[in-house]
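2 protein chains.
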Amino acid sequence: MTAGDRRARRRGHGDLGPSTAPSRHRTTKHEELRHALTRLLDSGMQAHEPLPSERELMDRFEVSRVTVRHALADLVQRGRVYRVHGAGTFVAEPVVRKEMTLSSFSEDMAARGLVASSRILAVGREVAGAAVGQQLQLSPAEEVVHLTRLRLANSEPMCLEDTHLPVEIAGDVVTKLHEKSSLYELLHTHAGVRVVRAEQQLRPTVLSREEAALLDVPPLSPALLTTRVTFDERGRRVEYAKSLYRGDRYSIEVNLWRI
Amino acid sequence: MTAGDRRARRRGHGDLGPSTAPSRHRTTKHEELRHALTRLLDSGMQAHEPLPSERELMDRFEVSRVTVRHALADLVQRGRVYRVHGAGTFVAEPVVRKEMTLSSFSEDMAARGLVASSRILAVGREVAGAAVGQQLQLSPAEEVVHLTRLRLANSEPMCLEDTHLPVEIAGDVVTKLHEKSSLYELLHTHAGVRVVRAEQQLRPTVLSREEAALLDVPPLSPALLTTRVTFDERGRRVEYAKSLYRGDRYSIEVNLWRI
DNA sequence: CGATAGCACTGGTAGTGACCAGTTCGCGTC
DNA sequence: GACGCGAACTGGTCACTACCAGTGCTATCG
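Residue numbers (the working numbering), protein chains in the order written: chain H, 494 to 752; chain Y, 494 to 752.
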């Protein structure tokens, strides 16, 4: 029995929420507070400006200090604020740390201020084969879901994505996929699979004639090929994806630290 | 007093005293527990094996659940364990943590098991100009040191590197550079400049005829262009470098985490 | 007038206690 | 045997409290 089956059954008889569709998981207080603080940060606060103290946030939002600290810890991890023992919590310098985290295409584009969409080029089941089988640690004879999408940013082709998922995990989730949906979100809401980690490889390449046509650039244009294996919270391999990004529109920015 | 002043003071105070006062720092309970758990993990536990439950760890180590959760949260962030709501805490699969960190070419190659060397193609002083001046935040009229090197791994061309450094910082350090030396190490030992952070951009490109000849690959071969501005501990810009890596020999591997 | 001791902040650690939410498994029923 | 249900786990959230530790301003003392 898979996690997906279990989840489907439980929802089948248990859910009391509004009848239809993607059951939004309940939002917690620290998440709410984090969003409120994010809005505060986005509304014109300057770098190194102090935030209200933990005690003040307790009073203002009527939550306990545990909750305040939880929300602030999340913001620290996201690089939005930094804390100095005895002094306070301060707005961090804006940092392009986005690429160091595992984000879906939609999230990635949103972070760049673009609207993501996609065109599904192909979807179906097939036998894994040697290469995909090895990456997903399945028998080459096992079935996988194969999904090819053209990903658009502001309606312009940006990336060509080739994704393989184990049938056992992705099951029929992929059939629910449409132009606007995020695969990771679907996996979460419909299969109970939460993607948490990925091993990713980046290398430069040049586009074949077919790839170039789809991406609307001249053949032999430079592109970035990223290959990634994605893991869920229990270490299962849930995705093997090869993405081809247009070199003229896409670049990766990272902050590096000496350790 | 502004927050900026506060920060500057803090950094000045904190970074002074390179190796003064070692273990003055009091160990906390959650740190102790984390070390105990790390020893437990290192003593032959298998991946996906469950750890004792939070309640059991409370009893066994005679601490509160807050402390247990704090220690476990640290281990999660370090990628040593993962948690599944309702099921337990489990040993994570050993991960080759090749996080992207700021490393010199020599260090980078050493990490891949290769021996780095270089051929200096050009070195000298010149006027910064608009582009370099902007990146290093200098007047375009100011002088910079310009250094072009072909970087080799196991005596094979791997990367073409174009580096600009402010004269004020790099001074005559660069004259001491030879085939085997690391620029960052020279800056540290001879100029007292310690590189700690960089903002780096990655994008794919194709090689020109000249570049391809130097790197010993066919023209129009794919390559990775990285542009980086490097900062020292005081936040001064110490380097603006453009590196061109062979696409057939160089790839970047990263671990991404969902936050 | 400058150094400094003290105080009023700040975040950090730690405990207790309660309840919520997801997972697992066994027992009873069909 | 398959299924459904619930009890007994697991981690997650959140409240309250107390005190420790680092920071920064200020009033006081030499």
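Every residue, glycine too, gets a C-beta built ideally from N, C-alpha and C.
If I'm right that Y:Asp595 touches Y:Ala691 with Cβ under 8 Å, what's the distance once you round it to whole angstroms?
Position check: residue 595 of chain Y holds Leu in this sequence, whereas Asp was assumed. The Cβ separation is near 5 Å, so the contact holds.
DSSP state of Y:Lys735 mapped onto helix, strand, coil
strand
Beta carbon of H:Leu614 nearer than 8 Å to that of H:Leu643
yes
Hey, would you say Y:Leu717 sits closer than 8 Å to Y:Leu695, going by beta carbons?
yes
Consider the Cβ of Y:Ala684: report whether some Cβ of chain H lies at a distance smaller than 8 Å.
no
Can the beta-carbon of H:Val556 be found less than 8 Å from the beta-carbon of H:Lys522?
yes
Could you round the C-beta distance between H:Glu636 and H:Val620 to whole angstroms and report it? I think they count as a contact, below 8 Å.
6 Å
Would you tell me roughly how many angstroms separate the C-alpha atoms of H:Asp741 and Y:Asp655, rounded to the nearest one?
21 Å
In chain H, what lies closer than 8 Å to Y:Gln628 by C-beta?
Simply none; closest approach about 14 Å.
Could you spell out where the beta strand (DSSP E) holding Y:Met551 opens and where it closes?
Segment Glu547 to Phe554 is the alpha helix (DSSP H) holding Y:Met551; no beta strand (DSSP E) there.
Just mark H:Arg721 as buried or exposed, buried being the case when its beta carbon has 16 or more other beta carbons within 10 Å.
buried
Residues bridged to H:Thr560 by DSSP?
Partner(s): none; H:Thr560 has no beta bridge.
Mind listing the chain Y neighbours of H:Ile662? Cutoff is C-beta to C-beta under 7 Å, in chain order.
Simply none; closest approach about 15 Å.
Y:Tyr575, DSSP secondary structure in three states:
strand
Does DSSP classify H:Ala716 as helix, strand or coil?
strand
Cβ of Y:Glu692 less than 8 Å from any chain H Cβ?
yes
Can you pull out the residues from the stretch 690–723 of chain Y whose beta carbon lies closer than 7 Å to at least one beta carbon of chain H?
Arg690, Ala691, Glu692, Gln693, Gln694, Leu695, Arg696, Pro697, Thr698, Val699, Leu713, Pro715, Ala716 and Leu717
Determine, for Y:Glu586, whether the minimum Cβ-Cβ distance to residues of chain H falls below 8 Å.
yes
Who are the near neighbours of H:Leu544 in its chain, counting only those whose CB is closer than 6 Å to its CB and skipping five residues on each side?
Thr582
Quick check on H:Ala529: does DSSP put it in helix, strand or coil?
helix
According to DSSP, what are the bridge partners of Y:Asn748?
H:Glu692
N- and C-terminal bounds of the beta strand (DSSP E) containing Y:Val616
Ala609 to Val620
The alpha helix (DSSP H) that contains H:Arg682, what's its start and end?
According to the sequence shown, residue 682 of chain H is Thr rather than Arg. Unbroken alpha helix (DSSP H) run through H:Thr682: Leu676 to Ala684.
In terms of alpha-carbon separation, which member of Y:His683, Y:Pro659, Y:Gly622 and Y:Thr560 lies closest to Y:Glu525?
Y:Thr560
For H:Ala646 and H:Ala529, I'd like the C-alpha separation in whole angstroms.
28 Å
Alpha carbon to alpha carbon, what distance is there between H:Leu534 and H:Gly572?
12 Å
So for Y:Val722, helix, strand or coil by DSSP?
strand
Please report the residue range of the beta strand (DSSP E) in which H:Val637 lies.
Glu636 to Ala646
Which first and last residues belong to the alpha helix (DSSP H) in which H:Met602 is found?
Phe598 to Ala604
Does chain H have any CB closer than 8 Å to the CB of Y:Arg548?
no
In or out: H:Glu586 buried (at least 16 other Cβ within 10 Å) or exposed?
exposed
Identify whether H:His657 lies in helix, strand or coil by the three-state DSSP scheme.
strand
Three-state secondary structure assigned by DSSP to Y:Arg687:
coil
Give me the Cβ distance between H:Val731 and H:Val686, rounded to the nearest whole Å; I'm assuming they're in contact under 8 Å.
6 Å
For Y:Ile745, return the contacting residues in chain H, with the cut-off set at a CB-CB distance below 8 Å.
Gln694, Leu695 and Arg696
Under three-state DSSP, which class holds Y:Val625?
helix
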